[in-house]
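Each remark here refers to the structure printed beneath this line.
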Ligand SMILES: [Fe+2]
Ligand SMILES: [Fe+2]
């Protein structure tokens, strides 16, 4: 087994780190890549204003999730758990013990590579692991690498691979932190990591979460969910805006509701229940057990309390899973956009899509009936509000024309 080890302060993890990590998996053919944020780097003090270790760990976890290689990429807090300076030789010794048969590869950028012989216990490091050094730009190519590579091979018998990553995002963390504190730098970060930074006011950022511009609002939302759900949320935003325009309502509240509608989707049941208590959301028996039903309620609370969304957006998010009787156009738009956004693929989706643009109430009835039927087939309990939604539409003369 080949294991890549990518350590550093990740302060913050940026697109350069991401590209290097992806490239290393490919070039070395890694079976596993461990991303290991350092507690205290041995060669320099953490700069002032460095976020708490748990924030750096959370941001590295977002980066790992964005790599979309769940069986390969892992984040390890082993250096954060260990007392004192984070010496690479200690980390490698620990990993060698844990994976005695594995081939270990240490990944690093140019600056680290050029000073490797001055690290703590270089011999121990190079005995335990091969080194994969990546150049940030064309200039850090062979000319810079070759003498150091030859020296390390001769002096320590090191095993070394050097690569230049084409078009690698060239930004130093120091410069990026400066940009962030001045309200810039977004283009060097994954949106979800940028959103995490804004939500937690890291690196001197001070965005007013209640009045965010759209890219910032999206970033915050994406920072709260898994990468694989982002495409869905983008799809709901597009569909909600189209439906709002079709049915003559202001598309902006629809857009905001769509961006935030699933923001609490990945919270576990205890956290969901905690938020419901905090925001005074009353739950029935079914809801207390069904974590899936809770994210619409807690998402609505977060949208209003944290992001300052108005009541109409709160309500649209609140009812996006169950629907209810007598819905507003905005509520119908969000419920249906979630149902038919372009990534959705189920039997009957084309019929429902067409109906959404022809008759909104018929589409709502079809959506609700489809849900009820699906729950019956799965022998799952049906939410009382969903039944009320269907009955209300029927009582008001809505029937689905073929
Ligand atoms: Fe949802
Ligand atoms: Fe959704």
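In my numbering, the protein residues as written are 2 to 403. Every residue gets a Cβ at the ideal spot worked out from N, C-alpha and C, and that includes glycine. Since this is a predicted model, take the numbers as computed values, not measurements.
DSSP places residue 279 inside the alpha helix (DSSP H), whose first and last residues are 270-279. In this structure residue 12 is not in contact with residue 207, their Cβ atoms being roughly 19 Å apart against a cut-off of 8 Å. Within 8 Å of the C-beta of residue 322 there is at least one heavy atom belonging to ligand 1. When DSSP states are grouped into helix, strand and coil, residue 394 belongs to the helix group. Taking the C-beta atoms as reference points, residue 218 is found no nearer than 9 Å to residue 250. By the Cβ neighbour-count rule, residue 347 is exposed, with fewer than 16 other Cβ atoms within 10 Å of its own.
The closest heavy atom of ligand 1 lies less than 8 Å from the beta carbon of residue 266.
The Cβ atoms of residue 385 and residue 274 lie no closer than 9 Å to each other. Per the Cβ contact rule, the stretch 114-123 is in contact with the stretch 148-165 (3 or more Cβ pairs under 8 Å). Between the alpha carbons of residue 277 and residue 298 lies a gap of roughly 8 Å. The beta carbon of residue 81 is closer than 7 Å to those of 38, 40, 54, 58 in its chain, skipping five residues each way along the sequence. Beta-bridge pairing by DSSP links residue 38 to 9. Excluding residues up to 5 positions away in sequence, 68 lie with their Cβ nearer than 8 Å to the Cβ of residue 23 in the same chain. For the alpha helix (DSSP H) assignment, the uninterrupted runs of no fewer than 4 residues enclosed by the stretch 301-361 are, from N- to C-terminal side, 312-319, 330-341, 350-359.
In this structure, the CA atom of residue 395 is about 48 Å from the CA atom of residue 62. In this structure, residue 48 lies away from residue 191, with their beta-carbon atoms at least 9 Å apart. Shown here, residue 213 sits in coil according to DSSP, grouped into three states, outside any helix or strand. The three-state reading of DSSP puts residue 110 in strand, counting E and B together.
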